[in-house]
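First residue of the sequence shown? That's 1 in full-length UniProt numbering, and the numbers climb one at a time after it.
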Amino acid sequence: MNSFLWFAAGAAVCAAVSICLLVKERGKMKALLQETLQKLDQAISGNLQDVTYDESMDGAVAERLNKLVEMAGTQRDRAQEERDAVKALISDITHQVRTPLSNIMLYTDLLQEQPLEKDSRLLAEKIRKQSEKLEFFMKELVRSSYTEQEMIAVKPEKIRADRLIGRACQTVEMEALKKKVLISFGGTDLTCCADLKWTAEALGNILDNAVKYSPEGAEVKIEAIPYDSFLCIAVKDQGPGIMEAEQGLIFRRFYRSPEAGKLPGFGIGLYLAREILSRQGGYIKVTSKPGRGAVFQMFLPLYHSC
Numbered sequence: 001m002n003s004f005l006w007f008a009a010g011a012a013v014c015a016a017v018s019i020c021l022l023v024k025e026r027g028k029m030k031a032l033l034q035e036t037l038q039k040l041d042q043a044i045s046g047n048l049q050d051v052t053y054d055e056s057m058d059g060a061v062a063e064r065l066n067k068l069v070e071m072a073g074t075q076r077d078r079a080q081e082e083r084d085a086v087k088a089l090i091s092d093i094t095h096q097v098r099t100p101l102s103n104i105m106l107y108t109d110l111l112q113e114q115p116l117e118k119d120s121r122l123l124a125e126k127i128r129k130q131s132e133k134l135e136f137f138m139k140e141l142v143r144s145s146y147t148e149q150e151m152i153a154v155k156p157e158k159i160r161a162d163r164l165i166g167r168a169c170q171t172v173e174m175e176a177l178k179k180k181v182l183i184s185f186g187g188t189d190l191t192c193c194a195d196l197k198w199t200a201e202a203l204g205n206i207l208d209n210a211v212k213y214s215p216e217g218a219e220v221k222i223e224a225i226p227y228d229s230f231l232c233i234a235v236k237d238q239g240p241g242i243m244e245a246e247q248g249l250i251f252r253r254f255y256r257s258p259e260a261g262k263l264p265g266f267g268i269g270l271y272l273a274r275e276i277l278s279r280q281g282g283y284i285k286v287t288s289k290p291g292r293g294a295v296f297q298m299f300l301p302l303y304h305s306c
């Protein structure tokens with residue numbers, strides 16, 4: 001009987017020790033897995049340095065993580081080099097094409113000022129239209145390159161709304177004159193924190209659509225409205241309006257409404273505008289009803305890291 005009790009007690013002690021060891025090993029394994037997951041998350045985000053060998057990390061796992069870090073770093077550097085190469089290529093192309101294209105348009109204008117026969121005048125007009133089309137495609141090519149995230153590097157600073165609006169209006173001035181569209185604005189003695197160059201690009205894209213879709217002789221109104229934390233720049237046009245089902249789609253990259261018809265465009269402008277604003281802590285929204293035009297509102301921070 002005593003032997004049986006001693007045996008039972010010994011078995012109980014062994015079982016207890018085994019359970020303790022199992023719990024301890026499971027704790028170590030859990031800690032190892034948690035640390036491995038943490039290292040993997042850091043590697044995915046590109047913030048992981050070389051993994052050190054220690055008692056809490058198995059050597060084989062650490063070795064593979066280091067290989068992953070090296071591969072990720074190489075791929076990241078290669079991708080950045082490719083983006084830089086594309087950016088430089090587009091810059092070179094636009095620079096090389098812009099000067100001769102501007103000369104062609106200038107010479108065509110001078111030619112049209114001369115007394116020409118009907119056939120010659122028609123040919124000059126065709127040259128002018130084709131030159132304008134090529135110029136449009138070049139602008140869209142540049143816009144498309146901007147949609148690469150790393151190419152949009154904003155540096156917010158304190159700027160006046162009138163300066164921002166004036167710079168954006170310059171980009172659509174010629175098209176507005178051709179269609180006799182009046183662009184009016186008020187409430188511009190206000191300031192906000194934004195990158196002037198990029199934000200003018202965003203506002204210019206909105207104005208470009210407003211002029212494009214408004215009928216001849218229409219008015220496009222721009223208004224700056226202050227709120228507690230944001231400055232709102234609203235653009236109201238007299239275009240055909242946007243159906244509610246489409247209002248969430250128009251900010252997608254390369255999306256074009258069926259209502260756009262034969263109007264020129266690649267569906268980049270509004271997408272780019274949203275990206276530019278979001279990188280500055282701002283946002284964009286639209287309100288519209290079919291047949292009653294549209295109002296695009298850009299919200300820019302009043303207080304930022306200026």
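No residue lacks a Cβ here, since even glycine has one placed at the ideal position from N, Cα and C.
1) At the level of alpha carbons, what is the spacing between LEU141 and LEU134?
2) State the beta-bridge partners of LEU231 as determined by DSSP.
3) Any idea if VAL86 is buried or exposed, counting beta-carbon neighbours within 10 angstroms, 16 or more meaning buried?
4) Quick check: the Cα distance between ALA9 and GLU35, rounded to an integer number of angstroms?
5) Decide if the stretch 161 to 170 is in contact with the stretch 188 to 206; the criterion is three or more beta carbon pairs, one per stretch, under 8 Å apart.
6) Should GLN280 go down as buried or exposed, given a rule of 16 or more other Cβ atoms within 10 Å for buried?
7) The alpha helix (DSSP H) with LYS212 in it runs from where to where?
8) Expressed to the nearest angstrom, what Euclidean distance is found between the alpha-carbon atoms of VAL181 and PRO115?
9) Can you tell me whether DSSP reads residue 351 as helix, strand or coil?
10) Just grab the DSSP bridge partners of GLU219 for me.
11) What residues in its chain sit with their C-beta under 7 Å from that of ARG292, if we drop five residues either side in the sequence?
12) For GLU275, count the other beta carbons within 10 Å of its own beta carbon; 16 or more makes it buried, fewer makes it exposed. Which is it?
13) Rounded to the nearest angstrom, how far is the Cβ of ASP195 from that of PRO156, given a contact under 8 Å?
14) Work out the CA separation of GLU132 and VAL235 for me, nearest whole Å.
15) Figure out for me which residue from GLN238, PHE137, GLU244 has the closest Cα to the Cα of PRO215.
16) Provide the residue span of the beta strand (DSSP E) that contains ARG160, from first to last.
17) When you compare each of PHE136, GLU117, LEU89, ALA224 to ILE159 by their alpha carbons, which one comes out closest?
18) Just tell me which of ALA218, VAL154, ASP228 has its CA closest to the CA of ALA200.
19) Counting C-beta neighbours from all protein chains within 10 Å, is the total for ASN103 16 or more, i.e. buried, or is it exposed?
20) Buried or exposed: which applies to LEU110, given that a residue is buried once 16 or more other Cβ atoms fall within 10 Å of its Cβ?
21) Quick test of your reading: MET138 and ARG98, contact by CB under 8 Å. State the CB separation rounded to the nearest angstrom.
22) Spell out the partners DSSP gives SER288 in its beta bridges.
23) Out of curiosity, what's the CA-to-CA distance linking GLU63 and ARG78?
24) What is the residue span of the alpha helix (DSSP H) that ILE276 lies within?
25) Counting Cβ pairs, one atom from each stretch, are 3 or more of them under 8 Å apart for the stretch 240 to 255 and the stretch 282 to 296?
26) Looking only at its own chain, which residues have a Cβ that is under 6 Å from the Cβ of residue 317, when we skip the five neighbours before and after it?
27) With C-beta atoms as the reference, is PRO301 less than 8 Å away from CYS232?
Inspection of the coordinates gives the following:
1) For the purposes of this step, residue 141 is identified with residue 141 of the sequence shown, where counting begins at 1. For the purposes of this step, residue 134 is identified with residue 134 of the sequence shown, where counting begins at 1. If I take the Cα positions, the gap works out to 11 Å.
2) As a first step, residue 231 must be located in the sequence shown, where it is residue number 231. Paired residues: PRO226, LEU300.
3) Numbered from its first residue, the sequence shown carries residue 86 at position 86. By the neighbour-count rule (16 or more Cβ atoms within 10 Å), VAL86 is not buried but exposed.
4) As a first step, residue 9 is located in the sequence shown; it is residue number 9 there, counting from the start. As a first step, residue 35 is located in the sequence shown; it is residue number 35 there, counting from the start. Low confidence applies to ALA9: its pLDDT is 47, below 50, so where it sits in the model is not reliable, and the reading given next is rough at best. If you take the alpha carbons of ALA9 and GLU35, they lie about 39 Å apart.
5) yes
6) Here residue 280 corresponds to residue number 280 of the sequence shown, with the count starting at 1. So GLN280 ends up on the buried side.
7) Indexing the sequence shown from 1 puts residue 212 at position 212. It spans 196 to 213 - the alpha helix (DSSP H) in which LYS212 sits, taken as one unbroken run.
8) Position 181 of the sequence shown, counting from 1, holds the residue named residue 181. Position 115 of the sequence shown, counting from 1, holds the residue named residue 115. If you take the alpha carbons of VAL181 and PRO115, they lie about 30 Å apart.
9) Outside the displayed span of the chain (1 to 306) sits residue 351, for which this structure offers no information.
10) Here residue 219 refers to the residue found at position 219 when the sequence shown is read from its first residue. Answer is LEU182, bridged to GLU219.
11) The residue you call residue 292 lines up with position 292 of the sequence shown. Here the set comprises GLY241.
12) For this step, residue 275 is matched to residue 275 along the sequence shown. Buried: at least 16 other Cβ atoms inside 10 Å.
13) One-based indexing of the sequence shown puts residue 195 at position 195. One-based indexing of the sequence shown puts residue 156 at position 156. Sure, about 6 Å apart at Cβ, within 8 Å.
14) Here residue 235 refers to the residue found at position 235 when the sequence shown is read from its first residue. Here residue 132 refers to the residue found at position 132 when the sequence shown is read from its first residue. Approximately 26 Å, taken between the alpha carbons.
15) Position 215 of the sequence shown holds residue 215. Measuring from the Cα of PRO215, the nearest candidate turns out to be GLN238.
16) Position 160 of the sequence shown, counted from the first residue, corresponds to residue 160. Element bounds for ARG160: 157 to 160.
17) Against the sequence shown, residue 159 aligns to sequence position 159. Comparing Cα positions, the closest option is ALA224.
18) Against the sequence shown, residue 200 aligns to sequence position 200. Answer by Cα proximity: VAL154.
19) Looking up residue 103 in the sequence shown gives position 103. Exposed, because fewer than 16 other Cβ atoms sit within 10 Å of the Cβ of ASN103.
20) Within the sequence shown, residue 110 is the residue found at index 110, counting from 1. Under this definition LEU110 is an exposed residue.
21) As a working note, residue 138 is residue 138 in the sequence shown. As a working note, residue 98 is residue 98 in the sequence shown. Correct: roughly 7 Å between the Cβ atoms.
22) Taking the sequence shown and counting its residues from 1, the one referred to as residue 288 is at position 288. According to DSSP, SER288 bridges with ALA294.
23) The count along the sequence shown starts at 1 and reaches residue 63 at position 63. The count along the sequence shown starts at 1 and reaches residue 78 at position 78. Distance between the alpha carbons of GLU63 and ARG78 is about 23 Å.
24) Locating residue 276 in the sequence shown gives position 276, where the first residue counts as 1. Unbroken alpha helix (DSSP H) run through ILE276: 269 to 278.
25) yes
26) A query on residue 317 cannot be resolved here, the shown segment of the chain reaching from 1 to 306 and no further.
27) Counting from one through the sequence shown, the residue named residue 301 turns up at place 301. Counting from one through the sequence shown, the residue named residue 232 turns up at place 232. Not in contact: PRO301 and CYS232 (Cβ atoms no closer than 8 Å).
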